[in-house]
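Protein chains in written order, with this note's numbering: chain A, 108 to 442; chain B, 72 to 387. Have a look at the structure below before the remarks.
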Ligand SMILES: Nc1ncnc2c1ncn2[C@@H]1O[C@H](COP(=O)(O)OP(=O)(O)OP(=O)(O)O)[C@@H](O)[C@H]1O
Ligand code: SF4
Ligand SMILES: [Mg+2]
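This is how it looks when you write it as structure tokens:
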């Protein structure tokens with residue numbers, strides 16, 4: 108009997124490189140972090156920073172062709188990198204499941220939603236038709252869909268975005284996964300629905316004893332819901348630490364820029380949304396230096412020549428990658 | 072959905088009405104003495120008089136139309152003055168042959184196209200896909216009558232089976248094995264043409280569908296590749312396929328005549344050609360009417376199937 112590992116997820120030096128017409132595209136590079144049981148970790152970063160690719164690679168759900176994955180992902184003791192799809196299939200749904208980014212495209216438009224939930228239960232858990240239907244209706248109820256037995260026969264097109272995302276969550280939860288990857292589960296939904304879905308996820312996480320990887324580009328979303336935060340830029344982790352450290356004591360200029368661009372955490376007086384000037388780098392043309400350098404107000408010569416590695420900050424578990432880190436506010440007040 | 076169906080049925084009735092007017096004028100607008108033209112060179116005065124009355128030529132044109140359509144609705148398409156047989160009977164004998172040929176060829180075409188398209192779409196531009204695609208592209212450029220000739224040559228000289236040629240058609244009722252033998256060549260020929268279209272349409276739609284997010288989602292459930300193909304990818308990829316099938320099957324009804332003529336299969340196409348050659352206008356009219364209505368009905372049925380297969384369409 109194998110011992111249940113203490114960490115549910117251990118990601119070590121994970122890189123995902125796509126073979127494209129323009130050459131190798133390093134969408135995720137040298138990512139390492141881990142996750143304990145019942146923990147929620149946030150992954151934040153601008154659009155294109157590699158959040159989706161990272162979360163899919165962790166699951167082993169990257170495209171089947173034109174992609175190279177190196178490093179290691181231990182999911183409840185199972186190595187996901189380099190593993191045959193037939194083996195991963197046995198882990199998907201039960202060990203790890205994903206809530207996809209866009210509920211408008213992630214449900215099969217020509218299959219009744221009940222059937223889409225049933226399918227997992229019948230194929231993966233070997234339930235009978237009747238049992239699966241009963242369980243599917245329970246799941247629809249669990250995720251807060253009104254009159255679930257009627258909705259069971261609806262097509263996705265007959266439901267609103269928020270309702271569809273609830274269905275996606277119901278599917279993800281069908282086989283009681285230990286880890287839930289939530290890839291921007293509320294993008295594209297309106298604000299009140301966003302809060303509802305996030306609260307639902309929180310509640311279900313507690314109830315079902317899951318760990319959650321919550322991906323978002325909105326720091327406001329992760330502020331109160333995660334214990335730790337991973338900040339990504341151009342496929343790399345540029346800062347990682349406890350949620351408190353990342354909010355109150357970040358050292359990396361990009362993290363600050365991200366915080367300032369997030370309307371919910373800025374001062375009440377600063378209602379204007381500040382977007383980070385410039386664009387994320389072209390991943391096909393990365394330079395030797397810090398990939399944030401072209402947009403960074405603190406950039407020095409060194410920043411353009413050499414890439415900063417992650418280094419430990421004052422607090423344990425807090426690291427950042429920057430040559431000219433921001434001063435620590437906590438350090439000042441403590442002294 | 073119900074509203075959609077009602078709308079389509081009203082449209083269908085409208086189209087059939089237009090077709091009936093077209094077929095009506097096909098005869099009634101013939102120049103000169105219609106009765107003489109219809110009956111051909113052997114027209115006798117009394118037959119002419121009979122036809123004159125039958126067509127109601129002494130009455131106003133709209134009344135003529137109502138008389139005509141009333142006859143048709145009672146299954147009376149007139150009696151050919153050339154062969155002295157009822158047009159309805161002649162068509163009734165020929166039509167099942169077309170239907171059988173259509174059925175066989177479509178079964179063959181789908182049985183080959185669907186698994187091959189699925190295999191191709193799994194790895195686009197892979198070695199299997201390249202082979203299938205190149206093969207289908209070659210076939211696309213060869214017209215059916217060439218295929219028939221090549222097939223006949225192949226069967227006769229390579230396989231040494233005596234040419235199942237003219238007047239060797241065996242009816243299904245008489246001897247079903249013999250019937251299948253005589254139908255094999257035309258069915259394969261027609262199947263090839265359909266197959267190429269079905270394979271290409273389904274392949275490209277499957278490739279597009281497999282890129283969709285809901286396929287990744289299905290994959291993340293941990294279900295088999297086979298199940299993803301059949302349960303998730305096939306149905307949303309089959310709209311264009313069904314559209315093509317509707318057009319194709321209609322086309323076979325109207326256009327199977329080349330193959331029928333070359334292989335002496337006495338279906339509607341064959342009969343149409345013979346009736347044109349013998350100036351059998353009433354028979355031409357009957358066949359045109361039946362074929363046109365048939366094509367419209369087939370399209371209607373496929374439209375309906377497409378709506379069931381993809382509920383997004385009638386909702387839009
Ligand atoms: N299959 C693929 N082939 C090639 N490049 C890809 C592929 N998938 C993603 N990429 C590239 O990887 C990079 C990271 O994309 P990713 O979707 O992970 O970003 P993201 O952080 O999830 O952004 P968003 O917030 O918009 O969802 C992008 O530059 C994208 O173009
Ligand atoms: S390393 Fe330099 S360029 Fe990069 S974030 Fe730090 S200061 Fe800015
Ligand atoms: Mg994403």
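Backbone N, C-alpha and C define an ideal beta-carbon position, used for all residues, glycine too.
Worksheet item: Checking contacts by CB at 9 angstroms: is residue 291 of chain B closer than that to chain A?
Response: yes
Worksheet entry | Nearest-angstrom Cα separation, counted from residue 180 of chain B out to residue 190 of chain B | 16 angstroms
Practice prompt. Anything in chain A within Cβ reach of residue 190 of chain B, meaning under 7 angstroms, just list it in chain order.
Written response: Simply none; closest approach about 15 angstroms.
Worksheet entry | Sequence-distant residues of the same chain with beta carbon closer than 8 angstroms to residue 112 of chain A, five excluded per side | 181, 183, 184
Discussion item. Just to confirm the assignment: which complete alpha helix (DSSP H) runs, minimum length 4, are found wholly within the region 101-184 of chain B?
Written reply: 105-110, 116-126, 132-144
Discussion item. Residues in the same chain with beta-carbon distance under 8 angstroms from residue 418 of chain A, minus the five sequence neighbours each way, listed in chain order, please.
Written reply: 426, 427, 428
Worksheet item: What residues in its chain sit with their C-beta under 7 angstroms from that of residue 187 of chain B, if we drop five residues either side in the sequence?
Response: 203, 270
Worksheet item: Taking Cβ positions only, does residue 72 of chain B come closer than 9 angstroms to chain A?
Response: no
Worksheet item: Count the other CB atoms within 10 Å of the CB of residue 208 of chain B; is the residue buried (16 or more) or exposed (fewer)?
Response: exposed
Discussion item. Please tell me whether, using a cut-off of 8 angstroms, the distance from the CB of residue 431 of chain A to the nearest non-hydrogen atom of ligand 2 is below it.
Written reply: yes
Worksheet item: What alpha helix (DSSP H) runs, 4 residues minimum, are completely inside the region 231-292 of chain A?
Response: 236-249, 255-258, 268-280
Worksheet item: Quick one: is residue 288 of chain B buried, meaning 16 or more other Cβ sit within 10 Å of its Cβ, or exposed?
Response: buried
Practice prompt. Taking 7 angstroms as the limit, tell me which residues put their C-beta closer than that to any heavy atom of ligand 3, in chain order.
Written response: A/158, A/159, A/208, A/290, A/291, A/322
Practice prompt. Spell out whether any CB of chain A is found under 9 angstroms from the CB atom of residue 274 of chain B.
Written response: no
Item to complete: Using a Cβ-Cβ cut-off of less than 9 angstroms, list which residues of the region 194-209 of chain A approach chain B; keep chain order.
Response: 195, 196, 197, 198, 199, 200, 201, 203, 204, 205, 207, 208, 209
Worksheet item: How big is the Cα-Cα spacing for residue 107 of chain B and residue 119 of chain B?
Response: 7 angstroms
Worksheet item: Using the C-alpha atoms, what's the distance from residue 173 of chain B back to residue 259 of chain B?
Response: 10 angstroms
Item to complete: Consider the Cβ of residue 216 of chain A: report whether some Cβ of chain B lies at a distance smaller than 9 angstroms.
Response: yes
Worksheet item: Within 10 angstroms of its Cβ, does residue 240 of chain B collect 16 or more other Cβ (buried), or is it exposed?
Response: buried
Item to complete: Please report how far the alpha carbon of residue 335 of chain B lies from the alpha carbon of residue 93 of chain B, in whole angstroms.
Response: 29 angstroms
Practice prompt. Excluding the 5 residues preceding and the 5 following residue 168 of chain B in the sequence, name in chain order all residues of the same chain whose CB lies nearer than 7 angstroms to its CB.
Written response: 336, 337, 338
Item to complete: Give, in chain order, every residue of the region 241-271 of chain A whose Cβ lies closer than 7 angstroms to some Cβ of chain B.
Response: 262, 264
Fill in: Where residue 141 of chain A sits in the DSSP three-state scheme
strand
Item to complete: For residue 121 of chain A, collect the residues of the same chain with a Cβ closer than 8 angstroms to its Cβ; drop the 5 residues on either side in sequence, then sort them by chain order.
Response: 135, 137, 138, 139, 161, 164, 165, 176, 177, 178, 179, 180, 188
Worksheet item: Distance, Cα to Cα, residue 269 of chain A vs residue 248 of chain B?
Response: 60 angstroms
Discussion item. Between which residues of its own chain and residue 211 of chain B is the CB-CB distance below 6 angstroms, once the five residues before and five after are set aside?
Written reply: 267
Fill in: Check whether residue 148 of chain B and residue 162 of chain B have beta carbons under 9 angstroms apart
yes
Discussion item. Using a Cβ-based criterion (distance less than 8 angstroms to any ligand heavy atom), does residue 353 of chain A qualify as near ligand 2?
Written reply: no
Discussion item. Taking the beta carbon of residue 89 of chain B as the centre, do at least 16 other beta carbons fall within 10 Å, making it buried, or is it exposed?
Written reply: exposed
Fill in: Contact with chain A by residue 287 of chain B, beta-carbon distance below 9 angstroms
yes
Worksheet item: Does the Cβ of residue 297 of chain B have 16 or more other Cβ atoms within 10 Å, making it buried, or fewer, making it exposed?
Response: exposed
Worksheet entry | residue 164 of chain A at chain B interface by Cβ criterion, 9 angstroms | no
Discussion item. Suppose you measure from the CA of residue 441 of chain A to the CA of residue 424 of chain A; what does that come to, to the nearest Å?
Written reply: Here residue 441 of chain A scores only 38 on pLDDT, less than 50, and its place in the model should not be relied on; the value that follows carries that caveat. If you take the alpha carbons of residue 441 of chain A and residue 424 of chain A, they lie about 19 angstroms apart.
Practice prompt. Could you tell me the distance, in whole angstroms, from the CA atom of residue 380 of chain B to the CA atom of residue 330 of chain A?
Written response: 45 angstroms
Discussion item. Classify residue 340 of chain A: buried if its beta carbon has 16 or more other beta carbons within 10 angstroms, exposed otherwise.
Written reply: buried
Worksheet item: In terms of alpha-carbon separation, which member of A/123, A/151, A/289 lies closest to residue 172 of chain A?
Response: A/123
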